[in-house]
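To start, the structure itself, in structure tokens.
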Amino acid sequence: MASKLKVWIDDRFPMTELWENHVSKYYAPKNLNFWYLFGVFSLLVLLNQIITGIWLAMYYTPTGAEAFDSVEQIMRNVKYGWLLRYMHSTGASAFFAVIYLHMYRGIMYGSYKGPRELLWVIGMVILVVLLIEAVTGYVLPWGQMSFWATKVLISVFSVIPFVGKYVITWLQGDYNVSGITLHRFFSFHVVLLPLAIIALTLVHVMALHKVGSNNPEGIEIKACKDSLGRPLDGIPFHPYYTLKDLVGVVIFLIVFFLIVFYAPTFGGYFIEAPNFVPANPLVTPPVIVPPWYLASFYSILRAVPNKLMGVIVAAAAVAFLFVLPWLDRSPVKSIRYRGVWSKLGLTVFVISFAGLGVVGTMSLTPLVLFFSRFFTVTFFMVFLTMPFYTKHEHCKRVPDRVTKG
Amino acid sequence: MKKFLLLIVLLLVPLLTFASDDSSSIVLEKAPINVHDKSSLMRGAKSFKTLCMTCHALRMLQYNSFAKKAGITIDLMPAKDKEWWFAKAPPDLSLTVSQHGADWIYTYLQVFYQDPAVKIGSNNLLVPNSSMPNLFLGLQGKQELNANREKALNEHWRKPHYYSLLNKTSPGSMTNEQFEQTVADITNFLAYASEPSKLQRERTGVWVILFLVVFLVLAYFLKREYWKDIE
Numbered sequence: 001m002a003s004k005l006k007v008w009i010d011d012r013f014p015m016t017e018l019w020e021n022h023v024s025k026y027y028a029p030k031n032l033n034f035w036y037l038f039g040v041f042s043l044l045v046l047l048n049q050i051i052t053g054i055w056l057a058m059y060y061t062p063t064g065a066e067a068f069d070s071v072e073q074i075m076r077n078v079k080y081g082w083l084l085r086y087m088h089s090t091g092a093s094a095f096f097a098v099i100y101l102h103m104y105r106g107i108m109y110g111s112y113k114g115p116r117e118l119l120w121v122i123g124m125v126i127l128v129v130l131l132i133e134a135v136t137g138y139v140l141p142w143g144q145m146s147f148w149a150t151k152v153l154i155s156v157f158s159v160i161p162f163v164g165k166y167v168i169t170w171l172q173g174d175y176n177v178s179g180i181t182l183h184r185f186f187s188f189h190v191v192l193l194p195l196a197i198i199a200l201t202l203v204h205v206m207a208l209h210k211v212g213s214n215n216p217e218g219i220e221i222k223a224c225k226d227s228l229g230r231p232l233d234g235i236p237f238h239p240y241y242t243l244k245d246l247v248g249v250v251i252f253l254i255v256f257f258l259i260v261f262y263a264p265t266f267g268g269y270f271i272e273a274p275n276f277v278p279a280n281p282l283v284t285p286p287v288i289v290p291p292w293y294l295a296s297f298y299s300i301l302r303a304v305p306n307k308l309m310g311v312i313v314a315a316a317a318v319a320f321l322f323v324l325p326w327l328d329r330s331p332v333k334s335i336r337y338r339g340v341w342s343k344l345g346l347t348v349f350v351i352s353f354a355g356l357g358v359v360g361t362m363s364l365t366p367l368v369l370f371f372s373r374f375f376t377v378t379f380f381m382v383f384l385t386m387p388f389y390t391k392h393e394h395c396k397r398v399p400d401r402v403t404k405g
Numbered sequence: 406m407k408k409f410l411l412l413i414v415l416l417l418v419p420l421l422t423f424a425s426d427d428s429s430s431i432v433l434e435k436a437p438i439n440v441h442d443k444s445s446l447m448r449g450a451k452s453f454k455t456l457c458m459t460c461h462a463l464r465m466l467q468y469n470s471f472a473k474k475a476g477i478t479i480d481l482m483p484a485k486d487k488e489w490w491f492a493k494a495p496p497d498l499s500l501t502v503s504q505h506g507a508d509w510i511y512t513y514l515q516v517f518y519q520d521p522a523v524k525i526g527s528n529n530l531l532v533p534n535s536s537m538p539n540l541f542l543g544l545q546g547k548q549e550l551n552a553n554r555e556k557a558l559n560e561h562w563r564k565p566h567y568y569s570l571l572n573k574t575s576p577g578s579m580t581n582e583q584f585e586q587t588v589a590d591i592t593n594f595l596a597y598a599s600e601p602s603k604l605q606r607e608r609t610g611v612w613v614i615l616f617l618v619v620f621l622v623l624a625y626f627l628k629r630e631y632w633k634d635i636e
């Protein structure tokens, strides 16, 4: 009966074909390590955000007068509303944590190098859309930080010559950040941007399955195939990686739920204390800080004295990440076979990005300003020198077959 | 390389200490609270009702059954549009602990002192010129500033404890311990008011984590069973 149904469906829809091509007969390198789990984690978090988001939207009211109270109603009077909300707010931060680690893995093992340049670029587009999704979601609780951080972020557009002022009014739908802004950001946050993220994620996975996964050794497993055309160093995604991912997913969930249940505000980094005060356009909070996942870019913005230049330099930081596949001219992919300069470059990159993030959440003192400038310089140094040191450094020979984990 | 990374992290740690934007001029005392302590919550709720609710509302608790049991109902709270004669309207305290932290409330309530220079006759060390009058004069006794104040203001590098700046000049109806307990109970109740779901959250969490740990063991052995064929 079941097999008859399967045939019936397969005659009309490529069910088995899709399953085989993308899961049971999709070959992945056998040496993928834990760094390769962060892609799966981001899918999981996406799913979490969508499901909890749907339920939150059932109780949330996106108006200036009621938004703040409706969030507190969810926290207090909706059954398990607190759980939905904390899963969603923790999920937002978790999303960036896993995406940043996912990107770090890509950089470390040279996964963006040919033939995976487009895969990387699509991923970068997802990151940008995700940042906008996060910013539009940040407004919704309509607390003091929602209001003022949004105001600061939107004010970035004022640097556009001549029309900046009008662009801001157009985005806000008002002369200030107001209930109207809140309402339209809600619309973007729950309809437009999630649709875009889901579509882009599908495209990202399709691109991945076209070229196949890279691996910690940076060896192309498709170069050595058996008589049936299967990569000799590849194993079927299912059941091997589905099971390995399952173990990773459970570990991730343990960490995730420890935060959800025992540290949901994460010391003010996931939910800021000033956001427990309703938005008030007349009272500026003593310190306005961006969410932690924007802090690195915000630091760069602050490090440059001129506002227009600051925006350009911060945008350049993202732009450099986009073109990374073409800045890196190394003959090998993985950091394991690269020379000392690449290793140094990667280290400086990580320290700069993390350092910028740390100083980005602090109020501006001379010391903080010094460190933002210092890390901004080192951050760009890595990208600007990359075409040279990757080309000229001495690399080790990459083996043809995967022998190490 | 690893040592280098560690060094950088250690160098960045002192920066983090600047991150806290604690602008108070005195040390915030650690509030000895536990929202799972039902009797403390009930004492705190009753004190809140008699001492605080004349002026402060807890509107977010209007459907809360525990508050109802303690006699804290929306019709007993000051009306939203009530006119206040002297100063600005007293804030709703539903989310004060989320906003300021329990230690802040606990300290704020203990550091009122007599100050003839201000109209209401009392002042507060933590929030100078606070418009809230000293409600605890009868309970806590009279506190007055001592000479250490000037000295402490010059020592920027170390915040003083409030009790090094204030002298008790006449006793109240409560002993120091009783008063501290009362303030701790009120703080505890306000911590509960900020997030009533915390009780359920911390209880549920144990079971969720336990389930996941058991599941992890099963998932791990299943994975190992399949992966043993792969070299």
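Residue numbers (this note's numbering), protein chains in the order written: chain C, 1 to 405; chain S, 406 to 636. Note that beta-carbon positions come from the ideal geometry of N, C-alpha and C, so glycine has one too.
1) Taking only runs of the beta strand (DSSP E) that begin and end inside the stretch 101-145 of chain C, which ones reach a length of at least 3 residues, in chain order?
2) Check whether the Cβ of Tyr468(S) lies closer than 8 Å to any Cβ atom in chain C.
3) Name the chain C residues that come within less than 7 Å of Met465(S), Cβ to Cβ?
4) Are there three or more Cβ pairs, one per stretch, closer than 8 Å when the stretch 319-333 of chain C is compared with the stretch 259-267 of chain C?
5) Does DSSP put Glu20(C) in a helix, in a strand, or in coil?
6) Helix or strand or just coil, what does DSSP make of Glu549(S)?
7) From the DSSP output, which residues share a beta bridge with Phe370(C)?
8) Three-state secondary structure (DSSP) at Thr365(C)?
9) Please report the distance separating the alpha-carbon of Met458(S) from that of Leu195(C).
10) Buried or exposed: which applies to Ser503(S), given that a residue is buried once 16 or more other Cβ atoms fall within 10 Å of its Cβ?
11) Which word fits Glu17(C), buried or exposed, when buried means at least 16 other C-beta atoms lie within 10 angstroms of its C-beta?
12) With Leu617(S) and Ile254(C) assumed to form a contact (beta carbons below 8 Å), what rounded beta-carbon distance in angstroms separates them?
13) For Lys573(S), report the span of its beta strand (DSSP E) as first-last.
14) Can you list, in chain order, the residues of its chain whose CB lies under 8 Å from that of Leu130(C), leaving out five sequence neighbours each side?
15) In whole angstroms, what is the alpha-carbon distance linking Ala303(C) and Gly610(S)?
16) Rounded to whole angstroms, how far is the Cβ of Asn214(C) from the Cβ of Tyr109(C), which I believe are closer than 8 Å?
17) Indicate whether at least one CB of chain C lies closer than 8 Å to the CB of Phe594(S).
18) Under 8 Å between C-beta atoms, does Leu627(S) make it to chain C?
19) So His461(S) and Leu498(S) are in contact, right, with Cβ under 8 Å, and what is the actual spacing, rounded?
20) Could you check whether the Cβ of Pro601(S) sits closer than 8 Å to any Cβ belonging to chain C?
21) Flag this pair as yes or no: are the beta carbons of Ala317(C) and Ile335(C) separated by less than 8 Å?
22) Take Phe383(C) as the anchor and find which of Ile154(C), Val311(C), Trp341(C) and Gly81(C) has the nearest alpha-carbon.
23) Given a cut-off of 8 Å on the beta-carbon distance, is the pair Phe261(C) and Arg606(S) in contact?
24) State buried or exposed for Ala450(S), treating a residue as buried only when at least 16 other CB atoms are found within 10 Å of its CB.
25) Who are the near neighbours of Glu585(S) in its chain, counting only those whose CB is closer than 6 Å to its CB and skipping five residues on each side?
26) Give me the chain C residues within the contact set of Thr580(S), using Cβ-Cβ distance strictly less than 8 Å, ordered along the chain.
27) Count Cβ pairs between the stretch 286-294 of chain C and the stretch 111-129 of chain C that sit closer than 8 Å; are there 3 or more?
28) How far does the beta strand (DSSP E) with Asn529(S) in it extend, from its first residue to its last?
29) So, helix, strand or coil for Tyr337(C), using DSSP?
30) Give the C-beta separation of Leu153(C) and Ser146(C) to the nearest angstrom, bearing in mind that I take them to be a contact with Cβ-Cβ under 8 Å.
31) Taking CB distances under 8 Å as the criterion, tell me whether Val532(S) reaches chain C.
32) Counting contacts by CB-CB distance shorter than 8 Å, is Phe423(S) in contact with chain C?
33) With 8 Å as the C-beta to C-beta threshold (strictly closer), list the residues of the stretch 355-379 of chain C near chain S in chain order.
34) Take the Cβ of Arg76(C) as the centre, count every other Cβ of all protein chains shown within 10 Å, and call the residue buried at 16 or more, exposed below.
35) For Gly234(C), name the three-state secondary structure that DSSP assigns.
36) Sort Glu630(S), Asn539(S), Ile614(S) and Trp509(S) by Cα distance to Glu434(S) and report the nearest one.
Quick look at the numbers:
1) DSSP runs (the beta strand (DSSP E)) wholly in the stretch 101-145 of chain C: none.
2) The residue given as residue 468(S) occupies position 63 in the second sequence. At a cut-off of 8 Å between beta carbons, Tyr468(S) contacts chain C.
3) The sequence position of residue 465(S) within the second sequence is 60, counting from 1. Per Cβ cutoff of 7 Å: Glu72 and Arg76.
4) They do not touch, by the three-pair rule.
5) Stepping through the first sequence from its first residue, residue 20(C) is reached at position 20. Here Glu20(C) sits in helix by DSSP.
6) Here residue 549(S) refers to the residue found at position 144 of the second sequence. Here DSSP, grouped into helix, strand and coil, assigns Glu549(S) to strand.
7) Along the first sequence, read from residue 1 onward, the residue named residue 370(C) stands at position 370. None; Phe370(C) has no bridge partner.
8) If you number the first sequence from 1, residue 365(C) lands on position 365. The answer is coil: DSSP assigns Thr365(C) none of H, G, I, E or B.
9) Start at 1 with the first residue of the second sequence, and residue 458(S) comes out as number 53. Start at 1 with the first residue of the first sequence, and residue 195(C) comes out as number 195. Approximately 48 Å between the Cα atoms of the pair.
10) By one-based count along the second sequence, residue 503(S) stands at place 98. Its Cβ being crowded by 16 or more others within 10 Å, Ser503(S) is buried.
11) In the first sequence, counting from the first residue as 1, residue 17(C) sits at position 17. Burial call: exposed.
12) For the purposes of this step, residue 617(S) is taken as residue 212 along the second sequence, with counting starting at 1. For the purposes of this step, residue 254(C) is taken as residue 254 along the first sequence, with counting starting at 1. The Cβ separation is near 5 Å, so the contact holds.
13) Taking the first residue of the second sequence as position 1, residue 573(S) is located at position 168. Note, Lys573(S): beta strand (DSSP E), Leu571 to Pro576.
14) For the purposes of this step, residue 130(C) is taken as the residue at position 130 of the first sequence. The residues are Phe95, Phe96, Ile99 and Ile197.
15) The count along the first sequence starts at 1 and reaches residue 303(C) at position 303. The count along the second sequence starts at 1 and reaches residue 610(S) at position 205. Here the alpha carbons of Gly610(S) and Ala303(C) stand approximately 42 Å from one another.
16) Counting from 1 along the first sequence, the entry for residue 214(C) is found at position 214. Counting from 1 along the first sequence, the entry for residue 109(C) is found at position 109. Confirmed, about 6 Å.
17) Taking the first residue of the second sequence as position 1, residue 594(S) is located at position 189. With a threshold of 8 Å between beta carbons, Phe594(S) makes no contact with chain C.
18) Counting from 1 along the second sequence, the entry for residue 627(S) is found at position 222. Yes, its Cβ sits closer than 8 Å to a Cβ of chain C.
19) For this step, residue 461(S) is matched to residue 56 along the second sequence. For this step, residue 498(S) is matched to residue 93 along the second sequence. Contact flag correct, Cβ pair sits at about 5 Å.
20) Residue numbering aside, residue 601(S) sits at position 196 when the second sequence is read from its first letter. At a cut-off of 8 Å between beta carbons, Pro601(S) contacts chain C.
21) Here residue 317(C) corresponds to residue number 317 of the first sequence, with the count starting at 1. Here residue 335(C) corresponds to residue number 335 of the first sequence, with the count starting at 1. No.
22) Counting from one through the first sequence, the residue named residue 383(C) turns up at place 383. Of Ile154(C), Val311(C), Trp341(C) and Gly81(C), the residue nearest in Cα terms is Trp341(C).
23) Within the first sequence, numbered from 1, the residue matching residue 261(C) stands at position 261. Within the second sequence, numbered from 1, the residue matching residue 606(S) stands at position 201. In contact: Phe261(C) and Arg606(S) (Cβ atoms closer than 8 Å).
24) Taking the first residue of the second sequence as position 1, residue 450(S) is located at position 45. Buried is the call here.
25) Here residue 585(S) refers to the residue found at position 180 of the second sequence. Take Glu585(S), set aside five residues on each side of it, and no residue of its chain has a beta-carbon closer than 6 Å to its own.
26) Position 175 of the second sequence holds residue 580(S). For a Cβ distance threshold of 8 Å, nothing in chain C lies close to Thr580(S): the least Cβ distance comes to about 33 Å.
27) Below 8 Å, too few C-beta pairs join the stretch 286-294 of chain C and the stretch 111-129 of chain C to call them touching: fewer than three.
28) Position 124 of the second sequence, counting from 1, holds the residue named residue 529(S). Segment Ser527 to Asn529, the beta strand (DSSP E) holding Asn529(S).
29) Along the first sequence, one-based indexing puts residue 337(C) at 337. Three-state result, Tyr337(C): helix.
30) By 1-based counting over the first sequence, the position of residue 153(C) is 153. By 1-based counting over the first sequence, the position of residue 146(C) is 146. So it is not a contact: roughly 11 Å between Cβ atoms.
31) Here residue 532(S) is taken as the residue at index 127 of the second sequence, counted from 1. With 8 Å as the cut-off, Val532(S) does not count as an interface residue toward chain C.
32) Position 18 of the second sequence, counted from the start, is the residue given in the question as residue 423(S). Only weak support is given to the placement of Phe423(S): the predicted model assigns it a pLDDT of 41, under 50, and the question is left unresolved by the model.
33) So the close ones are Gly355, Val358, Val359, Thr361, Met362, Ser363, Thr365, Leu367, Val368 and Phe371.
34) Along the first sequence, one-based indexing puts residue 76(C) at 76. Buried is the label assigned to Arg76(C), since at least 16 other Cβ atoms lie within 10 Å of its Cβ.
35) By one-based count along the first sequence, residue 234(C) stands at place 234. In this structure, Gly234(C) counts as strand in the three-state DSSP scheme.
36) Here residue 434(S) corresponds to residue number 29 of the second sequence, with the count starting at 1. With distances taken between Cα atoms, Glu434(S) lies closest to Trp509(S).
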